[in-house]
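S.K.: Keeping their order, the protein sequence lines are chains A and B.
Basically the working numbering = 1-based index in the first sequence + 367.
Basically the working numbering = 1-based index in the second sequence + 367.
There are 2 protein chains.
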Amino acid sequence: MNQQLTNKQILLATRPVGMPTEQNFEFKEIPVAEAQDGQVVVRTLYLSVDPYMRGRMSDAKSYIPPYNLNEVIVGGIVGEIVESNSDLFKAGDKVIGMLGWQLYNTVDAMTLRQIDESIAPVSAYLSVLGLTGLTAYFGLLDIGQPKEGETVVVSGAAGSVGMFVGQIAKIMGARVVGIAGTNEKCDYLKNELGFDAAINYKTTDNIGAALEQACPNGVDVYFDNVGGEISDAVMNLLNDYARIPLCGAISSYNRTDGDMGPRILTKMIKTRSLMKGFVLGDYADRQLEGLQELGKWLSEGKLKYEETIVDGFDNAIDAFLQLFQGANIGKMLVKVSDAEK
Amino acid sequence: MNQQLTNKQILLATRPVGMPTEQNFEFKEIPVAEAQDGQVVVRTLYLSVDPYMRGRMSDAKSYIPPYNLNEVIVGGIVGEIVESNSDLFKAGDKVIGMLGWQLYNTVDAMTLRQIDESIAPVSAYLSVLGLTGLTAYFGLLDIGQPKEGETVVVSGAAGSVGMFVGQIAKIMGARVVGIAGTNEKCDYLKNELGFDAAINYKTTDNIGAALEQACPNGVDVYFDNVGGEISDAVMNLLNDYARIPLCGAISSYNRTDGDMGPRILTKMIKTRSLMKGFVLGDYADRQLEGLQELGKWLSEGKLKYEETIVDGFDNAIDAFLQLFQGANIGKMLVKVSDAEK
């Protein structure tokens, strides 16, 4: 191992209030740590930027602990082993793990999972064969439970989770309506992913009326990635015994105004609907099942995916911030380096 | 049967907007209809006034159809058979059914269920051994699923459903906190029903702080009968994997202002909580199980109940309106007449 290799890291410098800015982060250069017994050095190929990471930047109670100040941001990363002091991996192996936002991670080999490039390109393990594909799979099928002929509405539909939710709902035989923020995204949902309808919430004057038109039989499943006014509108169309998997509320993450809206309890009672927040970790014991199904649908051509790739480690923060502008179609990734082997 | 008997009915004259008034209702006198083959005449002993009936007075879509204008209000009634043209019942039998708000109902005997006065007084079949006891039983145990040592909060705690929710939660070994609207109710909850704490939301300046004090380990189950600001406050204390059976939202039923409040989706996600609206009809196939358990607890002295009885058929509308002022401790009933036998 070349001890002269310089590592570059992104640290959380201050906790954002409202929308994060570049000033909340800090770049730092240090030497790459040597791999001890059982450890490996992983060169970052792609890093994943995800809305949930905004939550970890605050110190409010949540399902995962907050990032510490002046420590490296941690997220999903695929990388290549460049040095190994472990029997588990050899140089050149491709791996995925929850790793630091840095050019190189020196970690215990046990914390990594090997990925198989013969099934899909390495970046796919950060989307369809990774956290976002699994999140869509479990949230939709376990909580949403769409049945043939039912109507499934998904918000953030062209995002990293939403694009799989809609496609899996189609596989289950449901009518699928996506809500997204550009015409390009809506066209993609309808023309590429086979959604039955797509609504551009930014150009639609009356989202309630547009939803009513797109959902003539009401809404049986609402898979929510965004929260806020869009969710308010969908709630008005719930059918009896509707199911609402709550995956994300990206519209609320940077709000500092209290996030007020119509109370939904009466609607929930009148329709006897079920709403449940969830995170992928709730399904830790079923990940293999999910990956197998997703892999099968992928190989059968039933599941497509899209990536928005931002090039260069130095642009990672910008890529993260762009999530909240809805700049991505499909999974937003940062390409840090090319594989050597 | 004395054909000279005069019936008195309460009809829905106009649909209320906001809080109902006496003017929305009309009294009418007509002769009592004769019992045809298979029919019986039931003299009303007690009629049940319940918040859900407010929903049926509007014509909005809900889980039961609205009352028709100029027709008799229908609700839970216990009565005594005074004439029978059916093998099912004889004069003097006590029965329960969904019947019209009138002194006498002439109905098919098949629509009635006989009640056993040796187990409990007839009025109990409109509360602990009736709709409200069963509603508490299924909502709490099926959706709430309280475990030993968990904290259960119930709003409308001294009401017809809430008083059973808290007691059943105690039977399950939970810490129980009730929210009610008078000191008398709070004392009743703590001293008579064994609640661990009770909060008078009308005299408490800061309901959030009072809840935090009463729930040092957070909230695992929130059984909601009221909605509105009280529910907003409880939502801030949800533990991970909290369960929220939505039974009623009495604070919202007469609102005409849009019922705005803090959006709860982010909290639901962060805690991976489950919220579900339900009505007793969802558990139609399990009513026998529920009645058996409730009867057992009642006979063992583990379940107490209270009734607020308004005397006289002419006061039925007033009793109904008083529900929304929180005038009742326990089940609000109208006593229409004494049993003959």
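Glycine residues also receive a C-beta, built at the ideal position from the N, C-alpha and C atoms.
In whole angstroms, give me the CA-to-CA distance for residue 663(A) and residue 623(B).
M.R.: Each residue's Cα considered, the two are about 52 Å apart.
S.K.: So who's on the other strand from residue 512(A), going by DSSP bridges?
M.R.: Looking at the DSSP assignment, residue 512(A) forms no beta bridge with any residue, so it has no partner.
S.K.: Residue 520(A) to residue 660(A), Cα distance in whole Å?
M.R.: Going from the Cα of residue 520(A) to the Cα of residue 660(A) covers about 22 Å.
S.K.: I believe residue 375(B) touches residue 393(B) by the beta-carbon criterion, under 8 Å. Please report the beta-carbon distance rounded to the nearest angstrom.
M.R.: Not a contact, Cβ separation roughly 11 Å.
S.K.: Over the uninterrupted alpha helix (DSSP H) stretch that includes residue 505(A), give me the two end residues.
M.R.: That run of the alpha helix (DSSP H) goes 498–505.
S.K.: Give me the residue from 439(B), 419(B), 570(B) with the minimum Cα distance to residue 430(B).
M.R.: Measuring from the Cα of residue 430(B), the nearest candidate turns out to be 419(B).
S.K.: Which term fits residue 400(A), buried or exposed, when burial requires 16 or more other beta carbons within 10 angstroms of its beta carbon?
M.R.: Classification of residue 400(A): exposed, given that the 10 Å Cβ count is below 16.
S.K.: Please go through the same chain and pick out, in chain order, the residues whose beta-carbon is closer than 6 Å to the beta-carbon of residue 669(A), but skip the five residues on each side of it.
M.R.: Excluding positions up to five away in sequence, the list reads 538.
S.K.: Am I right that residue 613(A) and residue 586(A) are in contact with their C-beta atoms under 8 Å? What's the rounded C-beta distance?
M.R.: Contact flag wrong, Cβ pair sits at about 15 Å.
S.K.: Against chain B, which members of the region 501–532 of chain A pass a CB distance test of less than 7 Å?
M.R.: Listed by position along the chain: nothing, the set is empty.
S.K.: Within the same chain, show all residues whose beta-carbon is closer than 8 Å to that of residue 504(B), passing over the 5 residues directly before and after it, in chain order.
M.R.: 531, 535, 657, 660, 661, listed in sequence order.
S.K.: Apply the 10 Å Cβ neighbour rule to residue 477(B) and answer buried if 16 or more other Cβ atoms are within range, or exposed otherwise.
M.R.: Exposed, because fewer than 16 other Cβ atoms sit within 10 Å of the Cβ of residue 477(B).
S.K.: Which whole-angstrom value is the C-beta distance of residue 591(A) and residue 574(A), which I expect to be below 8 Å?
M.R.: Not confirmed; about 14 Å, so no contact.
S.K.: List the DSSP bridge partners of residue 589(B).
M.R.: According to DSSP, residue 589(B) bridges with 520(B).
S.K.: Please report the straight-line C-alpha distance between residue 402(B) and residue 447(B), rounded to a whole angstrom.
M.R.: Each residue's Cα considered, the two are about 14 Å apart.
S.K.: Which first and last residues belong to the alpha helix (DSSP H) in which residue 685(B) is found?
M.R.: Looking at the DSSP string, the run of the alpha helix (DSSP H) that includes residue 685(B) is 683–690.
S.K.: Three-state secondary structure (DSSP) at residue 494(A)?
M.R.: If DSSP states are grouped into helix, strand and coil, residue 494(A) belongs with coil.
S.K.: How many Å lie between residue 514(B) and residue 469(A) at the Cα?
M.R.: For residue 514(B) and residue 469(A), the distance between alpha carbons rounds to 44 Å.
S.K.: Excluding the 5 residues preceding and the 5 following residue 328(A) in the sequence, name in chain order all residues of the same chain whose CB lies nearer than 8 Å to its CB.
M.R.: Lying before the first or after the last residue shown, residue 328(A) is absent from chain A, which here runs from 368 to 708.
S.K.: Would the beta-carbon of residue 438(A) fall within 8 Å of that of residue 407(A)?
M.R.: Contact: no.
S.K.: Per DSSP, what kind of secondary structure is residue 404(B) in: helix, strand or coil?
M.R.: Three-state result, residue 404(B): coil.
S.K.: Would you check if there are 3 or more beta carbon pairs closer than 8 Å linking the region 641–650 of chain B to the region 685–701 of chain A?
M.R.: Touching, no, given that fewer than three Cβ pairs across the two stretches are closer than 8 Å.
S.K.: Between residue 630(A) and residue 642(B), what straight-line distance do the alpha-carbon atoms span, to the nearest angstrom?
M.R.: One C-alpha to the other measures close to 13 Å.
S.K.: Starting from residue 473(B), follow its DSSP beta bridges and name the residues at the other end.
M.R.: The partner list for residue 473(B) (beta bridge, DSSP) reads 408(B).
S.K.: For the beta strand (DSSP E) containing residue 417(B), list its first residue and its last residue.
M.R.: No beta strand (DSSP E) holds residue 417(B); DSSP gives it neither H nor E.
S.K.: Quick one: measure Cβ to Cβ for residue 633(A) and residue 490(B), integer angstroms, because I've assumed they're closer than 8 Å.
M.R.: Rounded, the Cβ-Cβ distance is 29 Å, inconsistent with contact.
S.K.: Could you check how far apart the C-beta atoms of residue 496(B) and residue 440(B) are, in whole angstroms? I think they sit under 8 Å.
M.R.: Their Cβ separation, rounded to whole angstroms, is 23 Å, which puts residue 496(B) and residue 440(B) out of contact at 8 Å.
S.K.: What residues in its chain sit with their C-beta under 8 Å from that of residue 486(B), if we drop five residues either side in the sequence?
M.R.: Cβ neighbours of residue 486(B) beyond the five flanking positions: 496, 662, 665, 666.
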